[in-house]
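Data block below; observations after.
Numbering (my numbering), first residue to last: 18 to 432.
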């Protein structure tokens, strides 16, 4: 299957119709910006039009945070309702924080335990408190592992250390860690079917950085610590509430990725293997010959929604399309191979699995030249620091082509 040959022509054709980013003529960005401004000025905003534009990426200088919130259904499409609706949802989150986090016995128990006290675990009020203690302990274990991947594309060598340091230091600030802890804890308490799963801290990161980036008027990979001081307590509380509700919206589409047995991820990994076998048989055979199990790698990609694999600027560009794809599909059902139609996210499941396949095929030649040990090491840390948004857009173009070919005819994957 000539993926590269097929996708090149199809991608160009799709780009010409405005389905995906071209990265072409200099005049294109200004035209797209005019179209975005017109779409956002409509009353109410036409979600279909906005999602079609956002599929190709949110232009620089526009509020990506606002666009995401509109497409996710958190920010009302009608202007006159937005202020009241946002105030109400932020107040609702404040109540959740007071009742579920601030009042949790886990805070006091872990404060004493981490401070060196003994026997504090017995102060919990039964199994419910024990569960919250374990939940908070797991979140606090994972948060220090949260790493912002900045990348090097488009950065002068003399500026790389400065950009990396400023962006990474924002994520590592205690204020930001505490914010993330509260959001993850509250979400997990309210989702007993899934609870907290490792990797959700990574899923939260793009939403948080996009919110901070919009308020700072700076790119997501060039934030500074000063921003946190400028926002103040009120501003950070608003960011925290918005991130919670947006996280809830995204995860509600893929909740079976995080429930017991993680059937959603199992389904996507199986589909990923089938797609790779179909589009790159030599690579598929080489991985099989080398006894490579893609499950651990694909599990990380899908659980974390590619946040660990790509520089943050590339991640948010990918998410522009995934969020737009889900918004376009709305409540439509997605076909799964070998089964009737069933629920699933059009963006964070159906399109993402094709993106993962194209991402793997991108490194096909290098992987086929490696043995088991080299492949295993390579998959643990994919060399994407030099990736630019244009690289992601090419992969999205190939993903769109494959999805168009296979999504409505899943039996082709088994031929």
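Positions of the beta carbon are idealized from the N, C-alpha and C atoms, including for glycine.
Bear in mind the structure is a predicted one, so any value in this text is a computation, not a measurement.
Beta-carbon contacts of residue i that lie in its chain and below 7 Å, excluding the five residues immediately before and after
| i | result |
| --- | --- |
| residue 344 | 64, 68, 88 |
| residue 221 | 197, 200, 201, 260, 264 |
| residue 336 | 223 |
| residue 346 | 363 |
| residue 40 | Any reading at residue 40 needs caution, since the residue's pLDDT is 46, under 50, leaving its predicted position unreliable; the model's value is listed next. Within the same chain, residue 40 has close Cβ partners 407, 410. |
| residue 251 | none |
| residue 62 | 56, 87, 94 |
| residue 203 | 113, 114, 117, 118, 261 |
| residue 155 | 213 |
| residue 280 | 273 |
| residue 307 | 388, 389, 392 |
Supposed contact pair residue j and residue i - C-beta distance, whole angstroms, cut 8 Å
| i | j | result |
| --- | --- | --- |
| residue 314 | residue 245 | Their Cβ separation, rounded to whole angstroms, is 34 Å, which puts residue 314 and residue 245 out of contact at 8 Å. |
| residue 71 | residue 340 | 7 Å |
| residue 402 | residue 169 | 5 Å |
| residue 285 | residue 185 | About 30 Å separates the two Cβ atoms, so there is no contact after all. |
| residue 365 | residue 267 | 7 Å |
| residue 293 | residue 300 | 6 Å |
| residue 327 | residue 166 | 7 Å |
| residue 334 | residue 325 | In fact, because the Cβ distance is near 16 Å, the residues do not count as touching under 8 Å. |
| residue 233 | residue 256 | Actually they do not touch by this definition, with Cβ atoms about 11 Å apart. |
| residue 115 | residue 103 | Not quite, the Cβ-Cβ distance comes to about 19 Å (not below 8 Å), so this is no contact. |
| residue 160 | residue 211 | About 18 Å separates the two Cβ atoms, so there is no contact after all. |
| residue 322 | residue 311 | Contact flag wrong, Cβ pair sits at about 17 Å. |
| residue 110 | residue 330 | Between residue 330 and residue 110 the Cβ distance is about 28 Å, and since that is not below 8 Å, they are no contact. |
Run of the alpha helix (DSSP H) containing residue i, from where it starts to where it stops
| i | result |
| --- | --- |
| residue 287 | 280 to 296 |
| residue 217 | 217 to 233 |
| residue 399 | Segment: none, residue 399 is in no alpha helix (DSSP H) and carries neither H nor E. |
| residue 249 | 243 to 270 |
| residue 372 | 369 to 379 |
| residue 209 | From DSSP, residue 209 is part of no alpha helix (DSSP H); its letter is neither H nor E. |
| residue 408 | 406 to 423 |
Beta-carbon contacts of residue i that lie in its chain and below 6 Å, excluding the five residues immediately before and after
| i | result |
| --- | --- |
| residue 231 | 80, 82 |
| residue 123 | 149, 150, 153 |
| residue 381 | 297, 300 |
| residue 275 | 211, 214 |
| residue 422 | none |
| residue 84 | 71, 75 |
| residue 375 | 412, 415, 416 |
Residues near residue i by beta carbon distance below 8 Å, same chain, minus five either side
| i | result |
| --- | --- |
| residue 420 | 367, 368, 371 |
| residue 42 | Model confidence at residue 42 stands at a pLDDT of 46, short of 50, so the residue's coordinates are unreliable; what they give is reported in the following sentence. Around residue 42: no qualifying Cβ. |
| residue 74 | 38, 334, 337, 338, 406, 410 |
| residue 49 | 70, 73, 76 |
7 Å Cβ cutoff, residue i in contact with chain E
| i | result |
| --- | --- |
| residue 397 | No chain E appears in this structure, which consists of one protein chain only. |
Subject >> Contained beta strand (DSSP E) runs [length at least 3] in the region 46 to 123, N- to C-terminal order >> reply: Within the region 46 to 123, no beta strand (DSSP E) run of at least 3 residues lies entirely inside it.
Subject >> Complete alpha helix (DSSP H) runs within the region 319 to 353 (minimum length 4 residues, chain order) >> reply: Those alpha helix (DSSP H) runs which fall completely within the region 319 to 353 and span 4+ residues are 329 to 346.
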